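Chemist:
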Amino acid sequence: MLEILAPGLLTTVQDAGRKGWARYGVPSSGPLDAAAFAAANTLVGNPPDAAALEITLAGPTLRVSRECLIAVCGAAFDLWVGTLPVPMWHTVYVRAGRIITFGARRGGARAYLAISGGIALPPFLGSQATYLPGGFGGLDGRALRAGDRLPLGGAAARDVMQRAGRAWPTDRRPPYTPEPTLRVVLGPQDDYFTTEGLATFLNSAYRLTPEADRMGVRLQGVPIAHRGPTGIVSDGVVAGSIQVPPDGQPIVMLADHQTTGGYPKIATVLRADLPLLAQCLPGDSVSFTAVTLAEAQRAFSKPCEGCE
Amino acid sequence: MPDYPRILPVGEAAFTVEFGATVDETLNRQVHALDVHLRARSVPGLVETVPTYRSLLVTYDPQVSRADVMRATLTDALNTLTMADLSESRLVEIPVRYGGEWGPDLADVAAYCGLSAEAVIELHAQPVYTVAMLGFAPGFAYLLGLPEALATPRLATPRLRVPPGSVGIAGAQTGVYALATPGGWRIIGWTDLALFDPGRAEPFALRAGDRVRFVSL
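Chains as they are written, first to last, in the working numbering: chain A, -13 to 294; chain B, 213 to 429.
(1) Look at B/A361 and A/V224 and say whether their C-beta atoms are less than 8 angstroms apart.
(2) Does B/Y341 come within less than 8 angstroms of chain A when only Cβ atoms are used?
(3) Looking only at its own chain, which residues have a Cβ that is under 7 angstroms from the Cβ of A/G3, when we skip the five neighbours before and after it?
(4) Within 8 angstroms of any Cβ in chain A, is that where the Cβ of B/G378 sits?
(5) If we call anything under 8 angstroms between Cβ atoms a contact, is A/V208 one with B/E224?
(6) Taking the beta carbon of B/E313 as the centre, do at least 16 other beta carbons fall within 10 Å, making it buried, or is it exposed?
(7) Using the Cβ count rule (16 or more neighbours within 10 Å means buried), how would you classify A/I(-10)?
(8) Report the residue ranges of all beta strand (DSSP E) runs contained in full by the stretch 182 to 229 of chain A; include only those spanning at least 3 residues, in chain order.
(9) For the stretch 196 to 207 of chain A against the stretch 276 to 284 of chain A, are there 3 or more C-beta pairs whose distance is under 8 angstroms?
(10) Alpha carbon to alpha carbon, how far is A/A21 from A/C293? Give it in angstroms, no decimals.
(11) Kindly provide the ranges of any beta strand (DSSP E) runs that are 3 or more residues long and lie completely inside the stretch -2 to 53 of chain A, ordered along the chain.
(12) Are the CB atoms of B/G387 and B/A349 nearer to each other than 8 angstroms?
(13) Applying the criterion that 16 or more other CB atoms from any shown protein chain within 10 Å of the CB defines a buried residue, is A/M(-13) buried or exposed?
(14) Just the C-alpha distance for A/V272 and A/A191, rounded to the nearest angstrom, thanks.
(15) Alpha carbon to alpha carbon, how far is B/A390 from A/P33?
(16) Tell me the DSSP bridge mates of A/M239?
(17) Between A/G140 and A/E53, what straight-line distance do the alpha-carbon atoms span, to the nearest angstrom?
(18) Taking Cβ positions, are A/V(-1) and A/A37 nearer each other than 8 angstroms?
(19) Hey, could you find the ends of the beta strand (DSSP E) B/L220 is sitting in?
(20) Using a Cβ-Cβ cutoff of less than 6 angstroms, which residues in the same chain neighbour B/A337 once the five nearest sequence positions on both sides are dropped?
(21) Buried or exposed for B/R412, going by 16 or more other Cβ atoms inside 10 Å?
(22) Return the CA-CA distance between A/N189 and A/I210, expressed in angstroms with no decimal places.
(23) How many angstroms separate the CA atom of A/G217 from the CA atom of B/A384?
(24) So who's on the other strand from A/P71, going by DSSP bridges?
(25) Show which residues of chain B have a CB atom less than 8 angstroms away from the CB atom of A/S227.
(26) Can you list, in chain order, the residues of its chain whose CB lies under 8 angstroms from that of A/H212, leaving out five sequence neighbours each side?
(27) Pull up the distance between the alpha-carbon of B/F158 and that of B/P410, whole angstroms please.
(28) Just reading off the beta strand (DSSP E) that B/I400 is part of, what are its end residues?
(29) Across which residues does DSSP place A/H76 in a beta bridge pair?
(30) Is A/E291 buried or exposed, if buried means 16 or more other CB atoms sit within 10 Å of its CB?
(31) By the 10 Å Cβ neighbour count, where 16 or more other Cβ atoms means buried, how is A/D157 classified, buried or exposed?
(32) Return the chain-ordered list of same chain residues with a C-beta closer than 6 angstroms to the C-beta of B/P394, the five sequence neighbours on each side being excluded.
(33) With distances taken from CA atoms, which of A/A253, A/G104, A/D221, A/L205 is nearest A/L267?
(34) Verify whether the separation of the beta carbon atoms of B/T261 and B/D247 is less than 8 angstroms.
(35) For A/P261 and B/L358, what's the separation of their Cα atoms in angstroms?
(36) Since A/A276 is in the beta strand (DSSP E), which residue starts that stretch and which ends it?
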């Protein structure tokens, strides 16, 4: 059992997401920073897609009812087990009954806490991922609250306990920065924009507005000029799709995105680069660089790429 | 004007196959035909498909099927496509209580269209619609086939909560809400048919490509 003593600002249960329901209007959900999520699971000996906590901006206080391993990856937080400070991106042994406390955030937006055995809530449409707009998945489709108790999967084997102390190699952590350059594949509706509009998109920096959540991130900067119509007949959207509404200010869709949308999409962010965006805060500045589809596919990696 | 159909990249792990740029019954039939065609075969690397009015989104695993291979698969499928016979798709009857507390915007729709409320109900319950796509929110069904005489603009101010089961009109479209969401469609009726029930083997009552008839109660 994992008990929530204080929930933090927005803490949800996420696994790798729901697949196969987009045709019914259900997005995949799952972690916004899939790289940190998979690293945390791998560090505690879980499959990389096991259910874990996504922690946003302010961290929770938790108590474990049994001995376990935890790992916290992603946004940089001060972290304690009992009174002992412990590092992020490490496998940490926790005795039964100990309290895990998140302190100050030093950078980034979202951290992932994985626990050996994984969180074991009943799946909804095949997944434990919380989808807040639909009110389903995770624990009753909502963010966690003080007093919630999360069941855990099978107890970690003794040899798993020997993992304690392991670190995730620095060179396999995403290169987080408040000013990331995100690689994109242009299209599918890049022909809805003028040559100047495309040049603006690729040569300007865009600031994150406060309208940034699990559904998507509104950016603000030099408006991107449409060639003609500013709307399309709604079509399919993926995480990473960059929609440009009539005001020319781009919106990058994230894991809880609507499955269809009626704004032309100038480009799609590579999945490998979405973790960088997931860690940006309002006021941070992102820019975009176009790569070919072949280059994008060479950069494609499953979140658990390099997993042990 | 671009040549259709066209296969456009949506990042490194999806393509969208566009059959045209408009809301059109023939285009939508082509979308469903390609969807049925791909789903009937085990295409290596195919993850899922999302049919919409005039295009099919195809997501795939590039570590199983590289872009050029998937593009060739889609091109072949387009070349051998036979139109899905939608007359063989399911016909789902949706019982609707029109007007009153069930359809708070029925009177406004009637006034806008210059019809009586009874005429709006009769016209709305007449056609056999096609579920063009599901989107916007889980289970929200966009239907093709609304009589032109019923086209009514959206509400100027969307409602914060539209109850599940609401049947609405927006522009030339009609649709059904499966979950409680905010929404700007004009609500003319309500169905107690559970459009979404996670306990059912098939949680969503409607699939893209289904035919639908509203039955006035």
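We treat Cβ as the ideally placed atom computed from N, Cα and C, and that holds for glycine. Every value quoted in this text rests on a predicted model; they were computed, and no experiment measured them.
Modeler: According to the data block:
(1) At a Cβ-Cβ threshold of 8 angstroms, B/A361 and A/V224 do not count as neighbours.
(2) Not an interface residue.
(3) Same-chain partners within the cutoff: S14, S15, G16, S113, A115, A241.
(4) Here residue 378 of chain B is Ser; the residue named in the question, Gly, does not match the sequence. Interface criterion not met: the Cβ of B/S378 is under 8 angstroms from no Cβ in chain A.
(5) In this structure, B/E224 does not lie closer than 8 angstroms to A/V208 by Cβ.
(6) B/E313 comes out exposed.
(7) Label assigned to A/I(-10): buried.
(8) Segments of the beta strand (DSSP E) lying fully in the stretch 182 to 229 of chain A: 192 to 198, 202 to 206, 227 to 229.
(9) No, they do not touch.
(10) Annotation note: pLDDT 46 at A/C293 (below 50); position unreliable, coordinate value reported separately. If you draw a straight line from the Cα of A/C293 to the Cα of A/A21, it is about 10 angstroms long.
(11) Entirely contained in the stretch -2 to 53 of chain A, the beta strand (DSSP E) runs reaching 3 residues are, in chain order, 38 to 42, 47 to 50.
(12) In this structure, the beta-carbon distance from B/G387 to B/A349 does not fall below 8 angstroms.
(13) Around the CB of A/M(-13), fewer than 16 other CB atoms lie within 10 Å, so the residue is classed as exposed.
(14) Cα to Cα, A/V272 sits roughly 6 angstroms from A/A191.
(15) B/A390 and A/P33: Cα-Cα distance of roughly 34 angstroms.
(16) The partner list for A/M239 (beta bridge, DSSP) reads A/G202.
(17) Distance between the alpha carbons of A/G140 and A/E53: 12 angstroms.
(18) Against a cut-off of 8 angstroms, the Cβ pair of A/A37 and A/V(-1) comes out as a contact.
(19) DSSP places B/L220 inside the beta strand (DSSP E), whose first and last residues are 218 to 221.
(20) Spatial neighbours of B/A337 in its own chain (CB-CB distance under 6 angstroms, excluding positions within 5 residues in sequence) are listed in chain order as F426, S428.
(21) That one is exposed.
(22) Straight-line Cα distance between these residues: approximately 11 angstroms.
(23) CA-to-CA, the gap between A/G217 and B/A384 works out to about 16 angstroms.
(24) Bridge partners of A/P71: A/W66.
(25) Under the 8 angstroms cutoff, chain B gives V222, G223.
(26) Once the five neighbours on either side are set aside, the close Cβ partners of A/H212 are Y178, F179, T180, G183, V230, P232, G234, P250.
(27) The displayed coordinates of chain B run from 213 to 429. Any statement about residue 158 of chain B would go beyond what the structure contains.
(28) From DSSP, the beta strand (DSSP E) with B/I400 extends over 398 to 402.
(29) In the DSSP output, where bridge partners are listed per residue, A/H76 has A/A153.
(30) Per-residue confidence for A/E291 stands at a pLDDT of 49, beneath the threshold of 50, marking its modelled position as unreliable; the derived number appears in the next sentence. So A/E291 counts as exposed.
(31) Exposed is the call here.
(32) Excluding residues within five positions, the ones whose Cβ falls inside 6 angstroms are P370, L372.
(33) That would be A/L205, whose Cα lies nearest to the Cα of A/L267.
(34) Yes, these two residues count as a Cβ contact at 8 angstroms.
(35) Spanning the alpha carbons of A/P261 and B/L358 requires a straight line of approximately 43 angstroms.
(36) From DSSP, the beta strand (DSSP E) with A/A276 extends over 271 to 276.
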